[in-house]
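Visitor:
Residue numbers (the UniProt record's numbering), protein chains in the order written: chain Z, 1 to 705; chain R, 1 to 705.
#1: In chain R, which residues lie less than 8 Å from residue 182 of chain Z when you measure between Cβ atoms?
#2: Tell me where the alpha helix (DSSP H) around residue 473 of chain R begins and ends.
#3: Could you check what DSSP says for residue 311 of chain Z in three-state terms: helix, strand or coil?
#4: Which partner residues of residue 594 of chain Z appear in the DSSP bridge assignment?
#5: Considering only the beta carbon of each residue, do residue 322 of chain R and residue 257 of chain Z sit closer than 9 Å?
#6: Mind listing the chain R neighbours of residue 120 of chain Z? Cutoff is C-beta to C-beta under 9 Å, in chain order.
#7: May I have the straight-line CA-CA distance separating residue 714 of chain Z from residue 355 of chain R, to the nearest angstrom?
#8: Any idea what DSSP makes of residue 268 of chain Z, helix, strand or coil?
#9: Taking any Cβ of chain R, which residues in the region 214-246 of chain Z have a Cβ under 7 Å from it, in chain order?
#10: Going residue by residue through the region 604-666 of chain Z, where are the continuous beta strand (DSSP E) segments of at least 3 residues, counting only ones entirely within it?
#11: Are residue 101 of chain R and residue 9 of chain R close, meaning C-beta to C-beta below 9 Å?
#12: Any chance you could list the alpha helix (DSSP H) runs of at least 4 consecutive residues sitting entirely within the region 60-92 of chain R, in chain order?
#13: What residues from the region 630-663 of chain R come within 8 Å of chain Z, judged by C-beta to C-beta, listed N to C?
#14: What is the DSSP secondary structure of residue 545 of chain Z, reduced to helix, strand or coil?
#15: Measuring only between beta-carbons, confirm whether residue 251 of chain R sits less than 9 Å from chain Z.
#16: Does the beta-carbon of residue 544 of chain Z have 16 or more other beta-carbons within 10 angstroms, so that it is buried, or is it exposed?
#17: How far does the alpha helix (DSSP H) with residue 434 of chain R in it reach, from first residue to last?
#18: Per DSSP, what kind of secondary structure is residue 372 of chain Z in: helix, strand or coil?
#19: Whole angstroms are fine: how far does the CA of residue 337 of chain Z sit from the CA of residue 649 of chain R?
#20: Cβ atoms of residue 448 of chain Z and residue 291 of chain R: under 9 Å apart, would you say?
#21: Can you confirm whether residue 172 of chain R, when its beta carbon is compared against all beta carbons of chain B, has any partner nearer than 9 Å?
#22: Does DSSP put residue 423 of chain Z in a helix, in a strand, or in coil?
#23: Spatial neighbours of residue 577 of chain Z within its chain, please: C-beta separation below 7 Å, excluding the five flanking residues on both sides.
#24: Return helix, strand or coil for residue 129 of chain R, following the three-state DSSP convention.
#25: Can you pull the chain Z residues whose beta carbon is under 9 Å from the beta carbon of residue 291 of chain R, in chain order?
#26: To which residues of the same chain is residue 230 of chain R closer than 7 Å at the C-beta, ignoring the five residues directly before and after it?
#27: How should residue 439 of chain R be labelled, buried or exposed, when 16 other C-beta atoms within 10 angstroms of its C-beta is the threshold for buried?
#28: Residue 199 of chain Z to residue 107 of chain Z, Cα distance in whole Å?
#29: Going by alpha carbons, who is nearest to residue 38 of chain R out of R/528, R/553, R/534, R/79?
#30: Mapping the DSSP letters down to three states, classify residue 487 of chain Z as helix, strand or coil.
#31: Mind listing which residues of the region 592-614 of chain Z have their C-beta closer than 8 Å to chain R's C-betas, in chain order?
#32: Mind checking which residues open and close the alpha helix (DSSP H) that includes residue 325 of chain Z?
#33: Residue 685 of chain R by DSSP, collapsed to three states: which one?
#34: When the distance is taken between beta carbons, is residue 615 of chain R closer than 9 Å to residue 567 of chain R?
#35: Using a 10 Å radius around the Cβ and a threshold of 16 neighbouring Cβ atoms, would you call residue 28 of chain R buried or exposed?
#36: Given a cut-off of 9 Å on the beta-carbon distance, is the pair residue 255 of chain Z and residue 261 of chain R in contact?
So this is what it looks like as structure tokens:
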């Protein structure tokens, strides 16, 4: 899964070009063609900078050239700040000049109707034909704070040229991307690379993200998108970031119906089911942010670069009430809040008899009169409690008489525990906050926000620590037939793919059915087999619970009679004989195609659970066994598998194996599988496996691709 | 539901006393007995203030008295800042002096084990015996910013004496209450009354809340509690606040298992099921805050005093991306985001051809170059869109060149729409924020936080507008038997209470059963009737689907044989004959006792829905029909009642009537009903009503009360 040549070229040419030209360069630094030039000059970009403007001899003090081909030296990167009508010709000229990448600010493309979309299609075609990479059109640009390349006209930079930091940001929306950058700046977070992709005629958010995941200087990635077109590339980017230990926090909007509609009127991006995005983020360890604050809080928390692989939390408070509130919020976030070991509790009790030493540890406002209480307490919680993260609530820490002694006490208490997340919930002036931060503590005002961010960091750590990588699946050698397959053929194909299906025999006449039943064991079920009949119940094509030879003979005759009456034209291949199966939990396994991410495996309990309660979990295929187990435990109805209402626990391990096999099958047939359903798949008690009682496969015609 | 004499006395004496004494008054203003005196003097409390200290002639410049009875004039209110051991004697002396209320700062009571709890019990007994009201012990005190009564030792007031405002606050936790107060202060919100209740030997959070709900000067109420002991009083307080149009935002902690445990170790408050608290808040229109920020945001938003009874939302943005994000967040909050009417969209399109005029309305950054766009857009959205609330996202509004023109444009656009909620999501300096606020706009940085607060205000408005008040239910004249009642007796009692139950006949012998079956119509069900048998299935006491006289005779004999074999000692009253009922959705209705709030009605779909998925909704009894309908629509499985999977819609109206009847019955028997269950209650297709097929009532012995 190495990065492609094209992506590498994008990364090098867009973020680290040797030379830059500006088409439509303006002398006025507040105009769209003047602003980037002015920023680049102010930031001191090291390579040659060429303004291109046929109407002026100089622009902002530099020699101007009438066209890109008139520029004397080679040009790596071009900023296109021209009216839409001039863009295609200009971009062709750039390609002819050997330019490696352009960013196109111009609007008036796909967002403006069909003619614009056609022009944008031409831009994409130029990029594919020439290998020159294109960012935009209709985007706010890109910057690299490390080398002074500020190829953007966002007014947000008017408040000062950014200093490089650990964050890389990629956003479809320019205005929202600027807003995010500005929030980072206010929070003191350095953004190194900033990429807005706009209409994405060539470079997408996924590719921008992949570039940042590969970039050695980027440590944290923040992304915003309304829709993604290249799901596989996005997953590659996520997996690359995970392997490189880089947290990704993603704001994917259009979650709601009204939001999705607003998104589609705003850009022309493909929708894709929001549930599938949710699944992909979860599956690849990406944090899906729901609010902008949360996104920035998490970016802030990553400055510590500590990602515990566990999620046990210690809570310290000077207010019992705040302790309870934090315990609730920690529980909401899925933290474990285990009590301190008894000996540690005894030590705390000895220090302060009226402390609550369990966890939350309430050291009361007495802590402020007795600062060694704070340091000893932190030491005990981190050392003996062994918590992955500790959050301490001290309410207001204003005034140096409190702030400095508390800081010294905290510093002493956390020394030697640099591998833990230490956060404070305090209200304090900025200088105090900075001082605490410089000692390795994260500072939040609101404790709930602190816990959301800390939990995200622990989830990153858990994801980084995972060894359960996606299996490599080769495309299948043969194609599935491009049609709906009957139960027997569907089961045979799935059985060959390693899925457990109920044994069956095909009987051409009643006596063959009796013989088959005798071999399989009574009671049995008879089902009509016909390529023309998919819904067997509707035509009276099923008889269940047949307990002896006579019942089988009668059932066989009844089925044929009914089917011939109701569907006289149907081709009948015979009647299937299968054993009656029962004693287990009925589940449903399925595969659906997502337009963005490809085959997605679905799991649920079937019936009303799936149809009415929509209690299903999804995973993009393929996936490993640990992922399958997480998938099973995600549904609300999992209790039924764990042995609710007096039933024995079901064989969840066998179910996980079946899900993995189905994921591999779906991935191998990504191109030619339309849908697939095993319904029901009966999960038997532990140790007894699971088995599909019925199955339906639908192949996909090559024309549909 | 008028306020009681005792509560009135509390309100008058605690918040508006004519004179104040301080027991344990100290010269040192940083000590617990010095701090309130110093605050009161600084704030200029108008009545006489008497320090009591046997060891000093003066305290903080005032004449000190050796004991409370040595004080020359009458004393309304006393601050007790004494060691725990001296409290009881002092409080007795206060009562003898005719003091109306005391606040007891002292710790060392119920929070410190059994001896402390006993002493606290004595304090409660003094309050009940003498009528003198007691706040605390172990509390941080109380203040009324309007009259200078600062009977508290919270250090938070060191940062300045509060100015009165519209907020009343009541908190069990002193430290967290101080923290909340401080956050209000930072946000510029005035807190008029602040009450901390600590261990609650007499005055509880509920009573404090009731006082604030009655207080003419309090407009918004914020509360914090870990546990409530007097549920009915709390509900009275909520209902009073609702009737008086006062929003209540409540932080009830101990939601999670670990939080509840921390709460019980912190105070000795009764737990009460958290789901029931949730229910009570929802039922009485109280906003349950999950985070401190949310609590303060909502308090802030109430400064506008606009509570729309609807919840349609208009969204304005200069960034399409932010528009989508807000649409998602609005959807999460349950806002409707309907599109602007077509003519209004056409007007906007004429103003700015590349605007997205639907809703969210994207007026793009062009708005900043063309401010009339902002005012015309607001005018159109409020006038023609008719939205209850509008949120506008302008990202950063720094610098007066932007802030002032935008403010003027907004002011013009919203003129005449003072009944709507207008909020901005902007990043701006405090002075800019204040200026916008002074023009009637709410200002938030984060749009999601704005939407949470706006939605809370709309919910308040919806609750204020409700006419569906709780029915008044008199206690029932007769007591239920203090035992588990068999199905026939249970059904008879419930039928008398107006609940639909399946007709039945009691048959003493087989021929009587046949006659009954003939009268009721075949097929029928037979069930054993015995006061000693509650679980009829276990003893073979039920036969279903009996289609003719012969089957009834055989069934009768089989039941008697089986029951006599399995439970030879059981008294048999006969066999019930009931018609076979089917064709509808099976539900379960129940009543459970909550230790805090009394009888709670439960509704669900029964079976796995109730047991495995816990898909039930609750309401405290009694309640009206609208509330019953809300209760039905709260469960996830409601789709099954609305006609999922091809079934006809069920008679939800009849179901609501049954729930109301059950609520009235439960309320009338609040003292003598232990539990009750109608399981199943079959809800038939629309217009055909519902009927309980089985029922079980358990009466409560008077000793258990």
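Note that beta-carbon positions come from the ideal geometry of N, C-alpha and C, so glycine has one too.
Quantities reported herein were computed from a predicted structural model and do not represent experimental measurements.
Guide: Reading it off the structure:
#1: 395, 396, 427
#2: Taken as a continuous stretch (DSSP letters only), residue 473 of chain R belongs to no alpha helix (DSSP H), as it is neither H nor E.
#3: coil
#4: Z/598
#5: no
#6: Under the 9 Å cutoff, chain R gives no residues; its nearest Cβ is about 16 Å from residue 120 of chain Z.
#7: Outside the shown range of chain Z (1 to 705) lies residue 714 of chain Z, about which nothing can therefore be said.
#8: Low per-residue confidence applies at residue 268 of chain Z: pLDDT is 41, beneath 50, and the placement is therefore not dependable, though the value from the model is reported in the following sentence. Note: residue 268 of chain Z maps to coil in three-state DSSP.
#9: 224, 226
#10: 616-620
#11: yes
#12: none
#13: 636, 637, 639, 640, 644, 645
#14: strand
#15: yes
#16: exposed
#17: 430-438
#18: Looking at residue 372 of chain Z - three-state DSSP - the assignment turns out to be helix.
#19: 46 Å
#20: Less than 9 Å separates the beta-carbon of residue 291 of chain R from that of residue 448 of chain Z.
#21: Chain labels in this structure do not include chain B; the protein chains are Z and R.
#22: strand
#23: Cβ neighbours of residue 577 of chain Z beyond the five flanking positions: 504, 505, 507, 513, 516, 517, 520, 524, 526.
#24: In the three-state DSSP reduction, residue 129 of chain R falls in the helix class (H, G or I).
#25: 325, 329, 446, 447, 448, 449
#26: 204, 206
#27: Residue 439 of chain R comes out exposed.
#28: 9 Å
#29: R/79
#30: Helix, per DSSP.
#31: 608, 611, 612, 613
#32: 320-332
#33: strand
#34: no
#35: exposed
#36: no
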